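What follows is a set of notes on a single structure, which appears directly below.
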Amino acid sequence: MATAIDQTIQQKPVSFDEFLARYSGDNRYELIDGEVFDLEPTGLHEEVAAFITAKLCVQIDRLDLPWLVLQRGLLRPSNSGMTAFRPDVAIVDRDRLSQEPLWAEQSVLTLGSSIKFVAEVVSSNWQNDYARKVEDYAVLGVPEYWIADYAGLGGTRHIGKPKQPMLSICTLVGGEYEIQQLRSDQPVVSLTFPGLELTADQILEAGR
Numbered sequence: 009m010a011t012a013i014d015q016t017i018q019q020k021p022v023s024f025d026e027f028l029a030r031y032s033g034d035n036r037y038e039l040i041d042g043e044v045f046d047l048e049p050t051g052l053h054e055e056v057a058a059f060i061t062a063k064l065c066v067q068i069d070r071l072d073l074p075w076l077v078l079q080r081g082l083l084r085p086s087n088s089g090m091t092a093f094r095p096d097v098a099i100v101d102r103d104r105l106s107q108e109p110l111w112a113e114q115s116v117l118t119l120g121s122s123i124k125f126v127a128e129v130v131s132s133n134w135q136n137d138y139a140r141k142v143e144d145y146a147v148l149g150v151p152e153y154w155i156a157d158y159a160g161l162g163g164t165r166h167i168g169k170p171k172q173p174m175l176s177i178c179t180l181v182g183g184e185y186e187i188q189q190l191r192s193d194q195p196v197v198s199l200t201f202p203g204l205e206l207t208a209d210q211i212l213e214a215g216r
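For the sequence shown, the numbering used here assigns the number 9 to the initial residue and increments by one for each residue that follows.
In structure tokens form, the structure reads like this:
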């Protein structure tokens with residue numbers, strides 16, 4: 009299979025507290041508008057996420073930053089009481105975690121000041137990555153959000169026609185994302201990691 013599968017596994021709306029009680033110990037699930045989604049990433053999906061994680065960890069170490077990569081933790085935007093995203097890659101500021109109200113008991117982040125970077129590897133439910141999460145990560149205050157569409161799954165309004173693999177770099181400016189779309193050998197320009205030397209293809213081809 010070439011894409012990850014997001015399957016809604018129930019019909020009755022689930023609150024955030026109910027979701028934590030039922031699914032907090034299993035990193036396969038995320039909550040979107042009261043619907044629980046079972047995240048079943050393919051091997052190729054995981055290769056892209058692992059490649060991004062490895063390259064960014066090198067930058068964190070090189071810059072000696074007090075940051076860490078969250079392993080499938082939950083991000084809860086303030087504009088929705090029934091949503092908790094579980095991004096493929098999330099980089100958080102360790103020094104800010106003491107201010108997170110839920111962190112001591114649950115791997116849940118609610119403050120944008122704690123989150124430095126998020127990346128999503130596009131799955132078959134691409135609408136969430138390109139639309140819903142763009143909006144909610146901006147509300148949460150995530151400074152930089154990458155959308156790695158290695159299989160070219162997104163709609164043509166997001167990745168053009170004919171559909172091709174695309175890396176979208178979303179940078180938060182004035183509360184909204186400015187989006188730079190990259191493909192093939194175009195260099196990645198990251199405000200969070202200015203020393204990063206990667207091309208779009210290096211990231212996208214990690215899943216091919």
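A virtual CB, placed ideally from N, CA and C, is assigned to each residue, including glycine.
Everything numeric in this text was worked out from a predicted model, so none of it was measured.
Please tell me whether residue i and residue j are closer than 8 Å, where the distance is taken between their beta carbons.
i: Leu47; j: Ile99; result: no
i: Leu148; j: Ile177; result: no
i: Glu143; j: Thr200; result: no
i: Asn133; j: Arg94; result: no
i: Tyr228; j: Val56; result: Outside the shown range of the chain (9 to 216) lies residue 228, about which nothing can therefore be said.
i: Pro170; j: Met90; result: no
i: Glu108; j: Leu119; result: yes
i: Asp137; j: Val130; result: yes
Tell me the rounded alpha-carbon separation between residue i and residue j.
i: Phe24; j: Val181; result: 29 Å
i: Leu175; j: Ala156; result: 5 Å
i: Ser198; j: Asp101; result: 17 Å
i: Asp69; j: Ala139; result: 32 Å
i: Arg165; j: Gln135; result: 11 Å
i: Thr4; j: Ala214; result: Coverage of the chain is limited to positions 9 through 216, which leaves residue 4 absent and any answer about it impossible.
i: Ser115; j: Ser88; result: 18 Å
i: Gly203; j: Asp209; result: 18 Å
i: Asp103; j: Ile211; result: 29 Å
i: Phe27; j: Trp111; result: 16 Å
i: Leu190; j: Phe59; result: 17 Å
i: Pro195; j: Glu205; result: 7 Å
i: Glu54; j: Arg80; result: 12 Å
i: Ala62; j: Arg84; result: 25 Å
i: Thr179; j: Lys141; result: 13 Å
i: Asp41; j: Ser192; result: 35 Å
i: Arg30; j: Val150; result: 27 Å
How would you call residue i, buried or exposed, if buried means at least 16 neighbouring beta carbons within 10 angstroms?
i: Ser106; result: exposed
i: Leu71; result: exposed
i: Gly183; result: exposed
i: Pro173; result: buried
i: Leu82; result: buried
i: Gly162; result: buried
i: Ser86; result: exposed
i: Val66; result: exposed
i: Ala92; result: buried
i: Glu186; result: exposed
i: Glu38; result: buried
i: Asp96; result: buried
i: Arg216; result: exposed
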